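Trainee:
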Amino acid sequence: MEFFLFGIFIIFTGGIISIFTKEKFKGIVFLIFAIALQFFILPTVFKILIYGGQIESLLMFPEPIGFAYLRLDPLSAVFALIISAGALLFAIYSIEYMKMYSGKKSELSSYYFFSGLLISSMMFLILAQNAILFLIIWEVMSVSSFFLVSFENNKPEVQKAGIYYLAAMQIGAAFLITAFAFTSASSGSLDFNSFRNVLNSSNGFSTLMFVFFFLGFGTKAGFVPLHTWLPRAHPAAPTGVSALMSGVMIKTGLYGILRIILMLDSPGAGLSYGIVIISLLTAVYGIANAIAQQDLKKLLAYSSIENIGIIGLGIGIGMLGLSYNKPEIAILGFLGAILHIINHFIFKFLLFFGAGIVYSKIHTRNIEKLGGLVKILPYTSYILLIGFLAISGMPLLNGFVGEFAIYLGMIEGFSVSNLMLNITFIVSFAGLAFIGVMAVLCFTKVYGICFLGLPRSEYKTDISEESIWYKLPLMMLTILILVIGLLPALVLPIFYNVVQEFIRVDVANEFTNILHIYRMISFTTLGFLGVVAFFYLLRYFLLRNRTVTQFKTWDCGYQVQSSRFQYTGSSYVQPFLQLIAELVPQKIKLDKERVLFPKEGFFRSDNQDFSERYIIRPMIIYINRFFSMFAWIQSGRMQQYILYGLIFLVLILIWIFWV
Amino acid sequence: MKFLIILILIVSPLFFTGLINKVKAIWAGRKGASVFQPYYDVFKLLRKGEVISRTTSFVFKVSPAVNISAMFFALMLIPFPLVGSLISFPGDFVLFAYLIGISRFFMLIAALDTGSSFEGMGASREITFSTIVEPAFFLIIGSLALLTNQNSFSTIFEMLAFSSVYTILVKILFVVSLFIMILVEGCRVPVDDPDTHLELTMIHEVMVLDYSGPDLAFILYSSALKMVLISSIIANLLTPSSLDVGPALLIFVAILLAISVLIATIESLIARSRISHVPQFIFLMTALSLIAFGVITFFLHGNYK
Amino acid sequence: MNNILIILLGTTMLYVFAVSRIEAYVKTLAFQGVLLFLLVIIDIRQMSWLNIAFLAVETLLIKTIIIPFFLLRVIRKNEIIREVEPYITQFYSLLISVVIFIFGFVAAFWASESNTDIKPLYFGTSLVLIIASLFLIISRKKIITHILGYLMLENGIFLLSLSVANEMPMLVNVGVLLDFFVGVYLFAIFFNKIHEMYDGGHIDVLTELKD
Amino acid sequence: MITLVLILPVFLGLLSFFAKNRIVNRIALLGTALVNIGVAASCWFDYHWYWMPEGLQEYFRIDSIGLYFFSVMAIVFISVAFYSLSYFRQHDFSVKQESLYVLEILLFEIAMTGVIFSTHLALLWVFVEATTLSSALLIYFEKKKSSLEAAWKYVFICSIGIALAFVGIILLSIGSSSIDSLFFGDLYKYASEINPFWLKLSFAFIFVGLGTKVGIAPFHAWLPDAHSEAPSPVSALLSGTLLNTAFLGIFRVQEIFVYAHQESFTNFLFQVTGFLSLMVCSVFILKLKNYKRMLAYSSIENMGLLFIALSLGKTGIFIVLLQALAHSFSKASLFLTSGNILYLYRSKKIDEVNGLLKKDPRTGWLWIVSMLAIIGMPPFPVFLSKFLLINALWTHGLEWLAIPFFLFIIIIAYGMSKTVFKMTFGDNEEHNSRTKLNLYAYLPQIVLLIILLIIGIYIPQQVLELINDIVNSIN
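Chains as they are written, first to last, in my numbering: chain X, 1 to 659; chain H, 660 to 964; chain P, 965 to 1175; chain A, 1176 to 1650.
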């Protein structure tokens, strides 16, 4: 444990030291510390994951914190894994990416300092077992990430996004503080273990507390309708930070939820259904909005919401399995959730890095302005194809592995004879398919429009090839994707102990069955890969001594004058958006003169966030209106002020005489 | 045995296409080309060179191969009455759907790769309709799994016997909706018209406008195979499991033929509907599957209520 | 005897609401000082001589002589001879003051029943003085009037403390007196400043700071 | 000891007033500050040990809570004293002005010390009034129109309030005529003999009076003006120590109710006013134009928190002490930093300040961190007190109060952070000429924040003992 803690300390000091180093070495220094972090964290983590068990150490604080256990159990270990891996990738990537901001010394120092703070706080968070300590670290995490989000704070929109993010985090924290305070008050201790009997007492209070916890952690994780900060914060932040936040930090919210679930003996069916429904909603909502986006990073942010929904679905299924006492369902649900947490971390890092590379080269994130990047940035483009396939949950790649476990969980669930359960599972079964195909729509749009075809705007001519600092993390992530995607049976056993932690009975046999299924899948998919290769070679040999002419796109003889004639992203998704127009409200601004020979028109369509437009904004407006009613009290008239006091005095006197 | 059937099915798809054309010709009062015409076309294409757009990239070249091999492996997962499928494991139908999905993915980006507005339009329509078809298909398979309490293609269809009135009803509903799925995925009237190449209502054909030579051959073949896949699911639904192997397989093949004939008939009798009306038509599939699901739940939970 | 004095003291408040010249206010203040002095002198309870001497000095010297003259100087310096400008007209304020009177004495007698060792007349009059002077402060616009109102309030409180049997320690009395004195001095300073900076000691000029 | 802190400053002040010498001024100021610290420190070892001349024995005593507030005050005062050096540097005052400043600030400090240590209710009243009078001229120190208005409102409203408080005291002496003493000790001892009706009646007046000094709604109206118009170090003192001392007065009176088992009355009063103050703050926090006024409103909010906490019994007192300390230090640091900003930008308008981080990073970061400390970001102690407050609300069965509480708290936190980040972030094209501030403009805040950090994570054993001692000393 001391080893682990020292690792946390290492990355923190890394942040501090990089403040004092010369500008061009800051990144390198931070990278060195990040690598050191791996050596301290990973051995412990893998030991826990593979052999199970837990290590803990006791910190003694004075009142009011009191004693605080730091515990590393398999669940924490999973998150420690992605955090440390994320730190490493982030460090590598930042070196090249932050060259965009060379010359801003103080900003860069704060960037690395807060990155160190963020990573170390996340790492510490998953250990803390004491309510106040947990909350303290939680808030430190929020604040440090806030400073990272508002890195380019000279831009007003970035400032806005930062403040919005901070406010959202405050609301979430309010729920958490309330939940923790009430729970600890009624349990009489701040230690998590003491919460068990409170949360398991079968009265409305425990349910309420769970709801509060869910709201608090859900704000961080980005469950609908608490997600609105995500699509604002991610585009604002530097790409490395967006990756770190979307890949790792929002997972801490899920960690919290899972931690609370671990405290429940058997989660109530009602809660489980609630989580399934909300997650389904989140996923559909997220991907539907992602489809509509034109900003690359905003799109990725919404897709994070979608993936959070999928993970939540897995969790919900696991909880249902527990509450109906069907371990074979629960194991699949939780396994799927954990797998998808890992997978989403991997491909979301990949995609954000890719988006960042595009931004750093082309200096735009607007999909409609991009195109034909595959000719300019071949390496990135080919790697990103894998990334997009993976995030759309295509077989061969890791996205499918996680989702398949969730599918299997539902299929197992069909065998339970319970009307409610059947309906839920069928609906979510079809729903997940719907989400999958929408993901295909979304990411074919991104890849087809941005990377294929012809450029839709003038790029600056000398776009250099990607540097090694860009290639390295992409390569690492691709290898991970392929390994998990092609050989899931090798990777899965690592997560056995985690799942075991949730299902208290021994599920070794079920697990071996699952492994067998995954072997079948990897066998099939590898065969599939072989056949693809075969057909490609066949094509090659067929064409070897034939003439292959390069010509402009035939297009039924219709000759394209300029690249602006290509299909745009918005036109690609327009038919689908018409089908779901209610879910993604479009704001269309069209002015063209209605004369016989119109000169010049203007058309602009941008989509708004449903819950922001119909839930968040009205709430803010009403609160403002309420408070503005009292604006007159500070009128500057002294006698009025004295009168307040006298009136209040009289009121008190009246009260005294009455009582 | 399995291998034999799969072999047959691997060579047969183009035959079904030919059959459809033949029947259509007969409906039109023409003599029509030979049933094996599609084979001649494909072989001709395989022997030709290619014209490839300068705009395109690696994706454009690889996607036909991905497409065709995806269909092959989907075929591996399809069971046959009393014989079962080549590869079978719990949840294999999910993999089946996702294999079709990956082929779709590649076809879409290949279409966008040409940078032509025309093919982009086709891709956009293709995926829009798939977003409706896909959940419905999962609804069907899911409800079947629920009904039979099984978790893989082959076992599901083993368990499906003409046991009760419910199952018959369910089967009919599913058959109809799956048939709609064929029309959509196979780009048939009233969703799409495979005969034309130059109409703004085109969906599938327009996506592959820029393909030529072997690639086009692959595509033609795999789209034919896709139809066979789905119709063989229908056939599975309809084949009575009380027979022994020989007759069962015969009925199986007969149903496949019948489906192609039916498609041809519809195509010759009905006009293609406006593109804006297509979604409603596809939603019919979802609706039917939902009804069927309702029937199933009633069947499962109604008796003890 | 002292009851008459107290009634007189009460009626000064009515007079205050009746008249509208500032100098008259100051004179009233001085008169109140005299009355308080007499009250202190007349009912010599078993107080320590030191205490009596102190109170005598306080009332006669400070309340009656020093502060009024000091204020007169301030007023003359800033040549305020204009009328006071009430928010509420003379008539209504007079009416209200009468109401205050009635309320004060009702409260006093009620209190004396509940608690035996307070003298109802003292108590009532002091209540009247306090409430009336607060009303004066709220209802008038001139800052000087506020200061005068504050002083009358202090007189009322003094009377109230007289009405209580037990007395404060000397230290406290000295402190109170010191505060009172310094306070008035400060008021005068600020009043002069305000007159320099804004022309006219009108409270409405002091409404710059607001949200 | 107490005589030292009560008498010495007078001499020093008068000395510097008459000497008219910059060196003497500094010696007087820092000397007093150091003496205070020294006395506080020596009392930490044994606060029952003190020396007083016979006559004053009974009037001044150091009890545990007095020591606690005195130490807080001493620390704030020394940081203010050091900052004043930089303040003198910022506006080059004449020697005369400096001496006047020193004299007034020392008198102010003495008055507050008196409030903390006095054991007699009326004496406490005297010192509270003295604080008003001594600080009034300080508010008007920079001789601006607006500051004159602020000072007038401050001194007049507070005087009226204090007068009412005296009425309250007299009423109490009527009610407690059987005791015939206003020493807190006696009042506590014979609390049960006091006629509850008169007790409540008197408390109504005393609460209005001292509450006016504490600046709790609805008697808060003078506070934003005074705190925003005073020179920054003075604002720091006003907000960081004066409010606390006035609060201590109410605290001591409220203890009578605890001993008389009448506290339900005061608790309700405290909750009402507390939430009123939270609300007042959240009404204005979003529509303010002046950053010093923002700080003032946040003081109102924090006083509200103190009162809510005070209404929650034993656990409440722990929160009160923690919160009082946290608020004093962070608010002092904020006001001192606002002095830097005022110096750098020559404006109190929020819109005219931006890009602080670029103009002067140290000031910028101090501004941000102090803000985080006041809105209750961990690891600063305000967070602890808020958590414990919610906790206590639950244990007192008032959990529904958490809803308005968080509504207000979130709005306030949002408003403050929005303003602060608007000021610190962004570039500033207009003034890129960095104006140098000397070390004393940063050091005090840094020290205060470091102390806060320590308290927030790891409350030292002695402090904890003292706090527990206070909590237990209440029956």
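By construction, the Cβ of each residue, glycine as well, lies at the ideal position given by its N, Cα and C atoms. Bear in mind the structure is a predicted one, so any value in this text is a computation, not a measurement.
(1) Ignoring anything shorter than 4 residues or poking outside the region 890 to 949 of chain H, list the alpha helix (DSSP H) runs there in chain order.
(2) Run through chain X and tell me which residues come within less than 9 angstroms of P:Glu1172, C-beta to C-beta.
(3) Shorter than 8 angstroms from the beta carbon of A:Arg1537 to some beta carbon of chain P?
(4) Ordered along the chain, which non-local residues of its own chain (more than five positions away) have a Cβ less than 6 angstroms from that of X:Leu215?
(5) Against chain X, does H:Ile843 count as a neighbour if the rule is that its beta carbon must be under 8 angstroms from one of theirs?
(6) Taking one C-beta from the region 1356 to 1370 of chain A and one from the region 1284 to 1296 of chain A each time, how about it: are there three or more such pairs within less than 8 angstroms?
(7) Quick test of your reading: A:Asp1400 and P:Leu1173, contact by CB under 8 angstroms. State the CB separation rounded to the nearest angstrom.
(8) Listing by chain order, which chain X residues have their CB less than 8 angstroms from the CB of P:Leu1098?
(9) If you follow the alpha helix (DSSP H) that A:Lys1506 is in, where does it begin and where does it stop?
(10) Just grab the DSSP bridge partners of H:Ala729 for me.
(11) Taking only the alpha-carbon atoms, compute the straight-line gap between A:Ala1392 and A:Phe1432 and give it to the nearest angstrom.
(12) So the alpha helix (DSSP H) A:Asn1442 belongs to, where does it begin and stop?
(13) In chain X, which residues lie with their C-beta within 8 angstroms of the C-beta of H:Arg784?
(14) Looking at X:Leu583: is its Cβ nearer than 8 angstroms to the Cβ of X:Ala290?
(15) Are the CB atoms of X:Leu542 and X:Phe353 nearer to each other than 8 angstroms?
(16) In chain order, what residues of the same chain have a beta carbon less than 6 angstroms from the beta carbon of X:Ser57, not counting five sequence neighbours either side?
(17) Tell me which same chain residues have a C-beta within less than 8 angstroms of the C-beta of A:Ile1271, skipping the five on either side of it?
(18) Mind checking the region 155 to 169 of chain X against chain A and listing, in chain order, the residues whose C-beta falls within less than 8 angstroms of any C-beta there?
(19) Leaving out five residues on either side along the sequence, give the residues of the same chain with a beta carbon under 6 angstroms from the beta carbon of X:Ser142.
(20) Return the chain-ordered list of same chain residues with a C-beta closer than 7 angstroms to the C-beta of A:Asn1613, the five sequence neighbours on each side being excluded.
(21) By DSSP, does P:Asp1007 sit in helix, in strand, or in coil?
(22) Beta strand (DSSP E) containing X:Lys587: first to last residue?
(23) On the three-state DSSP scale, how would you describe A:Ala1305?
(24) At a cut of 8 angstroms, does the region 146 to 157 of chain X reach the region 86 to 95 of chain X through at least three beta carbon pairs?
(25) Rank H:Arg706, H:Leu771, H:Glu926 by C-alpha distance to the C-alpha of X:Ser563 and give the top, closest one.
(26) Under three-state DSSP, which class holds X:Leu58?
(27) Since A:Phe1450 and A:Pro1579 should fall inside the 8 angstroms C-beta cutoff, what is the C-beta to C-beta distance between them, to a whole number of angstroms?
(28) How about P:Phe1156 and P:Asn1042: are their beta carbons less than 8 angstroms apart?
(29) Take X:Cys556 as the anchor and find which of H:Ser775, H:Ser823, H:Leu828 has the nearest alpha-carbon.
(30) Going straight from the alpha carbon of X:Ala221 to that of X:Ala68, what length do you get?
(31) Please identify the residue among X:Leu208, X:Pro43, X:Ile171, X:Met245 whose C-alpha is closest to the C-alpha of X:Phe114.
(32) Assign A:His1395 to buried or exposed, taking buried as 16 or more other Cβ atoms, counted over all protein chains shown, within 10 Å of its Cβ.
(33) Check whether the Cβ atoms of X:Lys592 and X:Pro598 sit closer than 8 angstroms, and answer yes or no.
(34) If you drop the 5 nearest sequence neighbours on each side, which residues of the same chain put their C-beta closer than 6 angstroms to that of H:Ala907?
(35) Closest Cβ-Cβ distance between X:Glu612 and chain A: below 8 angstroms?
Mentor: In brief:
(1) Listed in chain order, the complete alpha helix (DSSP H) runs (minimum 4 residues) inside the region 890 to 949 of chain H are 904 to 928.
(2) The answer, in chain order, is Gly636.
(3) Cβ-Cβ to chain P under 8 angstroms: no for A:Arg1537.
(4) Annotation for X:Leu215: Phe175 place their beta carbon closer than 6 angstroms to its own, counting only its chain and skipping 5 residues before and after.
(5) The question names Ile, yet the displayed sequence has Val at residue 843 of chain H. Among the residues facing chain X, H:Val843 is not included, as its CB has no counterpart in that chain under 8 angstroms away.
(6) The region 1356 to 1370 of chain A is in contact with the region 1284 to 1296 of chain A.
(7) The pair is a contact, with the Cβ atoms about 4 angstroms apart (cut-off 8 angstroms).
(8) Close to P:Leu1098, with beta-carbon spacing below 8 angstroms, are these residues of chain X in chain order: Ile642, Leu646.
(9) It spans 1488 to 1520 - the alpha helix (DSSP H) in which A:Lys1506 sits, taken as one unbroken run.
(10) DSSP lists no partner for H:Ala729.
(11) Those two C-alpha atoms are separated by around 22 angstroms.
(12) A:Asn1442 -> alpha helix (DSSP H) spans 1438 to 1459.
(13) Within chain X, the residues near H:Arg784 are Pro575.
(14) Against a cut-off of 8 angstroms, the Cβ pair of X:Ala290 and X:Leu583 comes out as no contact.
(15) Contact: no.
(16) Here the set comprises Met1, Leu70.
(17) The sequence given here places Lys at residue 1271 of chain A; Ile does not occur at that position. For A:Lys1271, where only same-chain residues beyond five positions count, the Cβ hits under 8 angstroms are Lys1195.
(18) Answer set for the region 155 to 169 of chain X: Pro156, Gln159, Gly162, Ile163, Leu166, Ala167.
(19) Taken in chain order, the residues that qualify are Met169.
(20) Scanning its chain for C-beta atoms nearer than 7 angstroms, with the 5 sequence neighbours on each side dropped, one finds around A:Asn1613 the residues Ser1261, Arg1264, in chain order.
(21) In this structure, P:Asp1007 counts as coil in the three-state DSSP scheme.
(22) Residues 586 to 591.
(23) Helix, per DSSP.
(24) Cβ pair count under 8 angstroms is below three, so no.
(25) Taking only the C-alpha atoms, the option nearest X:Ser563 is H:Leu771.
(26) If DSSP states are grouped into helix, strand and coil, X:Leu58 belongs with the strands.
(27) About 6 angstroms separates the CB atoms of A:Phe1450 and A:Pro1579; that is less than 8 angstroms, so the two are in contact.
(28) With the sequence shown as reference, residue 1156 of chain P is identified as Asn, and Phe is not the correct amino acid for it. Taking 8 angstroms as the Cβ cut-off, P:Asn1156 and P:Asn1042 qualify as a contacting pair.
(29) Closest option to X:Cys556, Cα to Cα, is H:Ser775.
(30) Each residue's alpha carbon lies about 25 angstroms from the other.
(31) Comparing Cα positions, the closest option is X:Met245.
(32) Around the beta carbon of A:His1395, 16 or more other beta carbons lie within 10 angstroms, which makes this residue buried.
(33) In this structure, X:Pro598 lies closer than 8 angstroms to X:Lys592 by Cβ.
(34) Excluding positions up to five away in sequence, the list reads Pro740, Leu741, Thr898.
(35) It does not; no Cβ of chain A falls within 8 angstroms.
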